[in-house]
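The next block holds one structure in the form of structure tokens; read it before the comments.
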Amino acid sequence: MEAKISIKDLTKVFYKKESRVTALQDISLDIADGEFVCLVGPSGCGKTTLLRILADLEKPSGGTFEIAKSKKERPLQSMVFQERGVIPWLTVEGNVSFGLKMRHLPADVINERTAYYLKKVGLEKFAKLYPKELSGGMKQRVSIARAFANDPEILLMDEPFAALDEQNKFILQEELLNIWSETKKTVLFITHSIDEALLLSDRILLMSSQPGTIIDEKRIDLPRPRNMEQVRADPLMADHFVEIWNHLQDEVQRSRK
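By the UniProt record's numbering, the letter at position 12 of the sequence shown is numbered 12, and the numbering carries on one by one without gaps.
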């Protein structure tokens, strides 16, 4: 399958006064078009830095990456952050349509696409509200709808559900998978939740402690559509869970030496 994201020998070094910190070292990987990939690793291993480089928010210190473009008018990437990056002075509708308006698309396209994704995340009745009137889960729905509505080549998601309670987390995971199954966007998703990674992923990439590099991967062959109950009842998923848990524990211990 054609690679949508190609990364080769990517390294990132941060310089602070007289010290230097290597956040990422020699990251090389390909992510296929339409693949849903989760990054799992200990805190501080460079997961967010990798996403920020792919989003052109950081420059790599070495190596290269390429995002294959299928349509000239389509933006390369959209990013969904953990901290619910909604625009406070815009309504729900205004937030979802923001990227479309920045691209100067026709009004009928903007209206149609905005209405479609508001409905997909269950916010059509809240279109005229402002973020201060929304719960945390609703704000994340806005962020997800905005990202998909803008129709990017790839979607970068940095622990978007980490701050939510379990009930809202399960609901948004299901909504995300429903939208992804329709759009087949290429997704790179950061999570600290092993259950979440097993539920969402086609493939899980395991990162080392700092300097971060990819040291293993797990292919998740559980048929789709899937839910958390199926994930937790499957013996192979249980084996994956234990292996990933042990990996995280080993890397945390290694970082303390």
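Virtual Cβ for every residue (Gly too), placed ideally from N, Cα, C.
If you're wondering where the values come from, they're calculated on a predicted model, not measured in any experiment.
A direct Cα-to-Cα measurement between ARG20 and CYS45 gives close to 15 Å. Two segments are said to touch when three or more pairs of C-beta atoms, one from each, lie closer than 8 Å; by this definition the region 8-16 does not touch the region 162-171.
One thing to note: PHE161 has its Cβ no nearer than 8 Å to the Cβ of THR183. Remark: C-beta atoms of VAL142 and THR114 do not approach each other more closely than 8 Å. Straight through space, the alpha carbons of ILE179 and VAL40 are spaced by roughly 22 Å.
The beta carbon of LEU90 sits closer than 7 Å to those of PHE98, all from its chain and outside the five residues before and after it, given in chain order. As computed with DSSP, LYS4 is found in no beta bridge at all. Counting only the Cα atoms, ILE190 lies some 5 Å from GLU159. If you compare the alpha carbons of MET207, ILE220 and ALA238 with that of VAL252, the shortest gap goes to MET207. DSSP places ALA107 within a helical segment (H, G or I) once states are collapsed to three.
Taking a contact as a CB-CB distance under 8 Å, the pair ASP195 and VAL231 counts as one, their CB atoms being some 7 Å apart. Around the C-beta of ILE215, fewer than 16 other C-beta atoms lie within 10 Å, and the residue is accordingly described as exposed.
Judged by their CB atoms, GLU133 and LYS69 are not nearer to each other than the 8 Å cut-off. For the pair THR49 and LYS17, the Cα-to-Cα distance works out to about 20 Å. The C-beta of ALA233 has fewer than 16 other C-beta atoms within 10 Å across all chains shown, which makes the residue exposed. In the structure shown, the three-state DSSP call for GLU217 is strand. Around the beta carbon of PRO88, a 10 Å sphere encloses fewer than 16 other beta carbons of the protein chains shown; the residue is thus reported as exposed. DSSP, read as helix, strand or coil, puts ILE171 in helix.
The Cβ atoms of ILE220 and SER201 lie closer than 8 Å to each other. In terms of Cβ geometry, VAL187 and PHE65 do not form a close pair [threshold 8 Å].
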